[in-house]
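Visitor: Residue numbers (our numbering), protein chains in the order written: chain A, 399 to 727; chain B, 15 to 93; chain C, 507 to 1018. Structure provided below as structure tokens; questions to follow.
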Amino acid sequence: MTGSGPGKTTYREAMRAAIREAMLADERVFLMGEDVGRYGGCFAVSLGLLEEFGPERIRDTPLSESAFVGAGIGAAIGGMRPIVEIMTVNFSLLALDQIMNNAATLLHMSGGQFSVPLVIRMTTGAGRQVAAQHSHSLEGWYTHIPGLRIVAPATLEDARGMLWTALADPDPVLIFEHGSLYNMAGVLAPDAGAVDIDSAVIRRPGTDVTLITYGGTLGKALDAAEALAGEQIQAEVIDLRTLRPLDDETVMASVRRTHRAVIVDEGWRSGSLAAEVSARIMEQAFYDLDAPVERVCSAEVPMPYPRHLEEAALPQVPAIVEAARQAVG
Amino acid sequence: MTPEQARQMIKDILREIAPDCDPDTLPGDADLRDSLELDSLDFLNFVEELAQRSGRRIDEDDYPKLATLASGAAFLAGS
Amino acid sequence: MPALGADMEQGTLVEWLVKPGDQIHKGDIIAVVDTDKSAIEVESFHTGTVEALITPVGETVPVGTVLATITETEAEPARPGAAEAGRPGAVEAGRPGAVEAGVPAAMGAPAAAAAGPAAMGAGPAAVEAGRPAAAGAPKGKRAPGKRAPGRARPGRTPAPAGPAAPVHSTPLVRHEAGQLGVDLAAVHGTGRGGTITRADVEYAAASRRVRATPLARRLAAELGVDLGTVTGTGTGGAVREADVRRAAAAGAPAAQQPPAQPPAAAAAAGQAPHAGEAGRPATAGRAGTAGRAESMRQAIARLMARSKREIPHYYVTNTVDMGTAMSWLRERNRRLEVSQRLVPAALLLRATALAARQVPELNGYWGEDHFVPGPAVHLGVAISLRGGGLITPAIHHADDLAPGELMAKLRDLVNRARAGRLRSSEMTDATITVTNLGDQGVESVTGVIYPPQVALVGFGKIVERPWAVNGLLGIRPVVVTTLAADHRATDGYTGGRFLTAIAQLLQRPEEL
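Encoded structure:
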């Protein structure tokens, strides 16, 4: 179940460990979703958990997102701590009414009588040639909705530690896991545990330009920073971690130091999360900007199927580097 | 306009047109064009400015009356 | 670095008025250069985008040195009725590729040899690289919508001007706008009927924004740097943090007072020569007047000596009856506001310009060993500067200007000459010059030709003299006209024809 060697693990394994730990610690916690039980999860995150915890707590659901998300909401209202796994964000659209009009709003509509301590995990993103209907990055959309918390773990620590904090939250939390991260391998401290879900973190310090990103594109941003260092441009890389609410303070403090910003977002550019961050930078750090804020987003097309076209449509390292160069001038 | 105000106005304008000269040192009956070395364009600028600031109509036939500080002031202050 | 006079050998770059990335049109003023005589505004000979500024502010360089590089673009197609119709030598189609803005020296300056294949001998500075001698119909493309200042023919357009020429403004205002680089289409007119006044143009020029990043702007305010003086290196010439810091380190001038009041609030501006436009830092034209007068004297001395040394002068004289002209003038002025009145000089200049058109052998330049006709009649006018010194800027196309227009141009030229705000094309384009008009009392003026021109016209003071009128003795106002001409280019017969032409033109002032 673990990667080879002491502390060596993968993102997938870290997430599994998180679920396991939560279920061991709190009997109200259970997992439900399509193929999470017998199959071990579409992305093998819940592999072996059915054997350990049984069918009551690792529940395979019918192929109906609206139904099982609704059931999860009901369970949460009823006092449980469900982890609902929607196979991918693409299918969450079928449960959008449940998420937006029930999970996000029951606390308000009940005048505070009912909270919905629900955690929904979804896989997101493109890059595996699954084409137009299965390649969306819609976490940006979800950040539009008051009543929800949105987080995007991009590192092993966050994959291991965000779930516990999310489960402890009395209100709905959506965890977006980029499909390309599951195989990410690395070393995790043996005592790695819960982490906060309130703050953005500087993954790489720099002085000349701030690269702001989250989730699946963090790796590319870090690669871009490395390339830029070769051109004497020291880029600071921020991992947003929490997309709603955004940690403005960390972002602005960085932009005030570097005076230039590039936002990398796998969503489509128009109406994207990058647009929101850019607007906030303009509002809060206008007088510190020495160049317009740049955005590197996906091309505004339905995601192509052929590999070379898909790659061309997604934010890539050269584009991030070029945007940073533009900003620095 | 009193003669004194007219005289002051003339001197102010002359100072702008011929900044290197001091109109205060001019005798009241000295010929302005000669003393200040004003050519025909300078004089035209002078007349134009005078007409604008005083609000008086100044015809070409009136030019001789603007030959000196004294006569110019009298002309402007007059009816 | 253009040659702004036949004797100029070097110039100092005082101010850049454009930044890399700026779009400029032929005729736009792009820099201010200090010569021995005064600060001159340098116009661009090309339309395109400023690529890089090579010579830094404050540096003195020889004539011919590259000052900046410009990437040329095509000149815009003419709008219907654009003023340049039919004028020979209109702007030709642009050429791709970068072009140097340092115009090859012209007017026979010592660096003429460096002009390369573009110059035709000691041709006029109006030469643009590759343009053959003018004459004939304009080629291909016409001039861009924004007319080059000084080349405009206000009030004479045959058809109603298109969007390029604003309707509600006077020629002088349009001239001012061109000089300040203000687009009249964007100016709000506060005059009667929405007319754009001079004050409107000046206000528009003063409140123009500098393109700068928010950080640069804040920094400039904190460090007391005037953003308008900083050369920007950002996109589109935007001023950035690094530019401001550099300027602050170099001790840039402190920020100016807030821009001019809107015209409605300001008192009427005086007509006296003003020391530069609102919002612009004063040029070196005002500073060091003593030193300037001295070096100007030396420059004049050199030029006069050279003229006498190289040019075999001959002289002809004629006395002209000015009776008809003066009465016509008096009648006309009686009906006009002071600002519209003509001085006799306007008639004399007009007659000279028309005579130059009639006798083209006197309108042009002496090349290596032959006469080169001028592209048009650009009348040089000798203007004496207070405090000593003489300057001879040109009125372009003087033969196309009615006396009223010529008068307006003359006044504007004199005012700007005395304020030190002349433009390079005015300094270099004269094809024939008229000496200091005899206001100061001498009856006859005979002068020294300004090389490489071939003629100098003189007018004395208009005086009352006994005259034979219809067989009877009468008193008439008369003026002595003189011509000093280059004997290599013409003979006395031609000179005589020229003066006779002037005399005849002055007998029919209503046709001038």
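Backbone N, C-alpha and C define an ideal beta-carbon position, used for all residues, glycine too.
What does A:G735 touch in chain C if you count any residue whose Cβ is under 8 Å from its own?
Guide: With chain A covering 399 to 727 only, the question about residue 735 of chain A has no answer from this structure.
Visitor: Rounded C-beta distance between A:C695 and A:S670? I'm assuming under 8 Å.
Guide: With 8 Å as the limit, A:C695 and A:S670 qualify as a contact, their Cβ atoms being about 6 Å apart.
Visitor: What residues in the segment 717 to 738 of chain C have a beta carbon less than 7 Å from any beta carbon of chain A?
Guide: Those would be T719, P720, L721, A722 and R724, in chain order.
Visitor: In chain order, what residues of the segment 32 to 57 of chain B put their CB closer than 7 Å to some CB of chain C?
Guide: From the segment 32 to 57 of chain B, only A32, D34, D53, S54 and L55 have a Cβ closer than 7 Å to chain C.
Visitor: For A:A697 and A:F428, what's the separation of their Cα atoms in angstroms?
Guide: Looking at the two C-alpha atoms, the distance is approximately 38 Å.
Visitor: Distance, Cα to Cα, C:T541 vs A:E674?
Guide: C-alpha separation (whole angstroms): 55 Å.
Visitor: With 16 as the cutoff for other CB atoms within 10 Å, does C:T566 come out buried or exposed?
Guide: Per the 10 Å Cβ criterion, exposed.
Visitor: Could you compute how far the alpha carbon of C:L885 sits from the alpha carbon of C:I938?
Guide: Taking the straight line joining both Cα atoms gives about 5 Å.
Visitor: When burial is assigned at 16 or more other CB atoms within 10 Å of the CB, is C:K525 buried or exposed?
Guide: Looking at its Cβ environment, which holds 16 or more other Cβ atoms inside 10 Å, C:K525 is buried.
Visitor: Are the beta-carbon atoms belonging to B:L83 and B:I24 less than 8 Å from one another?
Guide: Yes; because the gap between Cβ atoms is below 8 Å, this pair is in contact.
Visitor: Determine contact between the segment 521 to 541 of chain A and the segment 637 to 645 of chain A, defined as no fewer than three beta-carbon pairs at a distance below 8 Å.
Guide: Yes, the segment 521 to 541 of chain A is in contact with the segment 637 to 645 of chain A.
Visitor: Going along the chain, which residues of its own chain have a beta-carbon closer than 7 Å to the beta-carbon of C:G477, five neighbours each way excluded?
Guide: Here chain C covers residues 507 to 1018 and nothing more, so residue 477 of chain C does not appear.
Visitor: Within the same chain, show all residues whose beta-carbon is closer than 7 Å to that of C:V716, passing over the 5 residues directly before and after it, in chain order.
Guide: Here the set comprises L733, G734 and V745.
Visitor: Expressed to the nearest angstrom, what Euclidean distance is found between the alpha-carbon atoms of B:D34 and C:G517?
Guide: Looking at the two C-alpha atoms, the distance is approximately 27 Å.
Visitor: By the three-class DSSP mapping on this structure, what secondary structure does C:G668 have?
Guide: At C:G668 the pLDDT is 40, less than 50, meaning the model places this residue with poor confidence; the figure from the coordinates comes in the next sentence. If DSSP states are grouped into helix, strand and coil, C:G668 belongs with coil.
Visitor: Please state whether DSSP places A:E425 in a helix, a strand or coil.
Guide: Coil at A:E425, not helix or strand.
Visitor: Hey, quick one: how far does the alpha helix (DSSP H) through B:R21 stretch, first residue to last?
Guide: Residues P17 to I31.
Visitor: Under 9 Å between beta-carbons, which chain C residues line up against A:I686? List them in chain order, please.
Guide: This sequence places Asp at residue 686 of chain A; Ile is not what is there. Residues of chain C passing the Cβ test: P720, L721 and R724.
Visitor: What separation, rounded to the nearest whole angstrom, lies between the Cα atoms of A:V528 and C:L559?
Guide: Cα to Cα, the separation comes out at about 53 Å.
Visitor: Entirely within the segment 644 to 699 of chain A and at least 3 residues each: give me those beta strand (DSSP E) ranges in chain order.
Guide: Counting only runs of 3 or more, we get 659 to 666 and 692 to 696.
Visitor: Taking the beta carbon of A:I417 as the centre, do at least 16 other beta carbons fall within 10 Å, making it buried, or is it exposed?
Guide: Looking at its Cβ environment, which holds 16 or more other Cβ atoms inside 10 Å, A:I417 is buried.
Visitor: Taking C-beta to C-beta, are A:A493 and A:V467 nearer than 8 Å?
Guide: A contact, by the Cβ cut-off of 8 Å.
Visitor: According to the neighbour-count rule (16 or more other Cβ atoms, all chains shown, within 10 Å of its Cβ), is C:K543 buried or exposed?
Guide: Looking at its Cβ environment, which holds 16 or more other Cβ atoms inside 10 Å, C:K543 is buried.
Visitor: Grab the span of the beta strand (DSSP E) containing C:T703 for me, first residue to last.
Guide: Careful: C:T703 lies outside any beta strand (DSSP E) and carries neither H nor E.
Visitor: When you compare the segment 902 to 916 of chain C with the segment 848 to 862 of chain C, are there three or more beta-carbon pairs, one atom per stretch, that lie closer than 8 Å?
Guide: Taking 8 Å as the limit for Cβ pairs, the verdict is that the segment 848 to 862 of chain C does touch the segment 902 to 916 of chain C.
Visitor: Under 7 Å Cβ-Cβ, which residues of chain C neighbour A:H735?
Guide: In the structure as shown, chain A starts at 399 and stops at 727, and residue 735 of chain A therefore has no counterpart that could be examined.
Visitor: Looking at C:L523 and C:A537, is the spacing between their C-beta atoms short of 8 Å?
Guide: The answer is yes: Cβ separation under 8 Å.
Visitor: Residues in its own chain within less than 6 Å of B:D56 by CB, not counting five upstream and five downstream?
Guide: The answer, listed in chain order, is I31.
Visitor: Name the chain B residues that come within less than 9 Å of C:N839, Cβ to Cβ?
Guide: D73 and E74, listed in chain order.
Visitor: Could you confirm whether any beta carbon from chain C is found closer than 8 Å to the beta carbon of A:A722?
Guide: Not closer than 8 Å to any Cβ of chain C, the Cβ of A:A722 fails to qualify, so no.
Visitor: Under three-state DSSP, which class holds C:E949?
Guide: C:E949 falls in the coil class under three-state DSSP.
Visitor: Just checking my contact of C:E547 with C:R927 at CB under 8 Å: how many whole Å lie between their CB atoms?
Guide: At roughly 6 Å, the Cβ-Cβ gap stays under 8 Å, so C:E547 and C:R927 are in contact.
Visitor: Compute the beta-carbon to beta-carbon distance between C:A710 and C:V688, rounded to the nearest angstrom, for a pair I have assumed lies under 8 Å.
Guide: Indeed, because the Cβ distance is near 5 Å, the residues count as touching under 8 Å.
Visitor: Enumerate, from N- to C-terminal direction, the unbroken alpha helix (DSSP H) stretches of 4 or more residues contained entirely within the segment 427 to 455 of chain A.
Guide: Within the segment 427 to 455 of chain A, the complete alpha helix (DSSP H) runs of at least 4 residues are 447 to 451.
Visitor: If you follow the alpha helix (DSSP H) that C:V1028 is in, where does it begin and where does it stop?
Guide: Because chain C here runs from 507 to 1018, residue 1028 of chain C falls outside it and cannot be looked at.
Visitor: Anyone know if the C-beta pair for A:I636 and A:A598 falls short of 8 Å?
Guide: Yes, the pair counts as a contact, with Cβ atoms nearer than the cut-off.
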